[in-house]
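Enquirer: This structure is in C-alpha cells; I'll ask about it shortly.
Numbering (my numbering), first residue to last: 3 to 123.
Here it is in C-alpha cells:
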C-alpha cells in the first residue's frame, strides 16, 4: 500500500514539474488585422502564443470565461502591464512593442501562461 501512495506522489510531483517548468504553449496566432482574440478558460489562454511585428500596434482582446480568482488578472511583467479581466466581458489591451523578443503573460499566480512573440517576418 505504501508503494502505491509513493507512486501516486511521484506522479503528482512529475505533473507539477511539467506544468510549471516544462510546459511550452503550442496554440498560436498571428496578428494580421491588428487584433487578436484570446479566450481565458479552463486554466489556459487560447491561443497561448501570439506573434506580432515590432513597432506595429496590436490589440489583445481577452475574454475571460473562467470565474476562478486566478484568471482575474493578466500580467505582462516585462512590459510593465497589469490589467483586470472581467468575467464575460472583453478587455482590450493595446500594445506597440519595439524590441523583438518573447514576452510572457500570466495570471498573478503564474498558472495561466502565454507568450507574446515580437519578431520580424
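Glycine is no exception: its CB is placed at the ideal position from the N, C-alpha and C atoms.
1) For residue 89, which option in 97, 76, 10, 104 has the closest C-alpha, if you only look at C-alpha atoms?
2) Are three or more beta carbon pairs between the stretch 34-47 and the stretch 98-105 nearer than 8 Å?
3) Per DSSP, what are the beta-bridge partners of residue 4 in this structure?
4) Where does the unbroken beta strand (DSSP E) through residue 88 begin, and where does it stop?
5) Name the residue from 104, 79, 108 whose alpha carbon lies nearest to the alpha carbon of residue 87.
6) Whole angstroms is fine: what's the gap from residue 63's alpha carbon to residue 18's?
7) Give me the Cα-Cα distance between residue 56 and residue 120, rounded to the nearest whole angstrom.
8) From residue 5 to residue 41, what distance separates their C-alpha atoms?
9) DSSP on residue 19, reduced to helix/strand/coil?
10) Can you list, in chain order, the residues of its chain with a C-beta nearer than 6 Å to that of residue 115? Leave out the 5 residues immediately preceding and following it.
Expert: To lay it out plainly:
1) Indexing the chain shown from 1 puts residue 89 at position 87. Taking the Cα of residue 89 as reference, the smallest distance to any Cα among 97, 76, 10, 104 is reached at 76.
2) Flag = no, the stretch 34-47 and the stretch 98-105 do not touch.
3) Here residue 4 refers to the residue found at position 2 when the chain shown is read from its first residue. According to DSSP, which records beta bridges pairwise, residue 4 is partnered with nothing at all.
4) Reading the chain shown from its first residue, position 86 is the one you call residue 88. No beta strand (DSSP E) holds residue 88; DSSP gives it neither H nor E.
5) Taking the first residue of the chain shown as 1, we reach residue 87 at position 85. Restricting attention to 104, 79, 108, the CA atom closest to the CA of residue 87 is found in 108.
6) Your numbering for residue 63 matches position 61 in the chain shown. Your numbering for residue 18 matches position 16 in the chain shown. Inter-residue distance for residue 63 and residue 18 is about 29 Å (C-alpha atoms, whole angstroms).
7) If you number the chain shown from 1, residue 56 lands on position 54. If you number the chain shown from 1, residue 120 lands on position 118. Cα to Cα, residue 56 sits roughly 6 Å from residue 120.
8) In the chain shown, residue 5 corresponds to position 3, counting from 1. In the chain shown, residue 41 corresponds to position 39, counting from 1. Using only the alpha carbons, I get a separation of about 41 Å.
9) Within the chain shown, residue 19 is the residue found at index 17, counting from 1. In this structure, residue 19 counts as helix in the three-state DSSP scheme.
10) Within the chain shown, the letter at position 113 stands for residue 115. For residue 115, where only same-chain residues beyond five positions count, the Cβ hits under 6 Å are 108.
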